[in-house]
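Numbering (our numbering), first residue to last: 189 to 309. Comments concern the structure below.
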Amino acid sequence: MLLSAEVFYELMLPGQFKTEGSNVIFQNTVFGFIVSGSTSADAKGKEHCGFIQAADNLEHSIKKYWEIENVEIDSVKTSESDICEDHFKNTHSRDDQGRYTVAMPLKEDSSCLGESRQTTI
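Right under this line is the structure:
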């Protein structure tokens, strides 16, 4: 699993164990222990065998990951936001060049904008 640096330290928990005679570190995380480090240089050419037993199944680990990543967003729907959403649904389209266009939602008649069209262009 690849993680960005922003979330790496949020996943770490207290509990780190180093092995004697090597640079291997066991670090406790919200997913359980992870192993990192390297073996000694004289171990090259020797066969290594590893065994990993997962206490939790993959589905449970992924669920825990997304619970950590989940950001609660309290959205309060107002009648104005409903009107704006309906306006978008009814007026959006694609132009000849494939770009999306949508009519500007105005609370009042467009005359309230004054004579600013040439200035904005």
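Cβ coordinates follow ideal geometry from the N, Cα and C atoms, glycine included.
Going by C-alpha positions, Thr217 is about 5 angstroms away from Leu199. In the three-state scheme derived from DSSP, where H, G and I count as helix and E and B as strand, Leu191 is classed as coil. Phe221 and Val259 have their C-alpha atoms roughly 25 angstroms apart. Pairing Ile261 with Leu201, the inter-Cα distance amounts to about 26 angstroms.
In this structure, the alpha-carbon of Ser224 lies about 15 angstroms from that of Tyr197.
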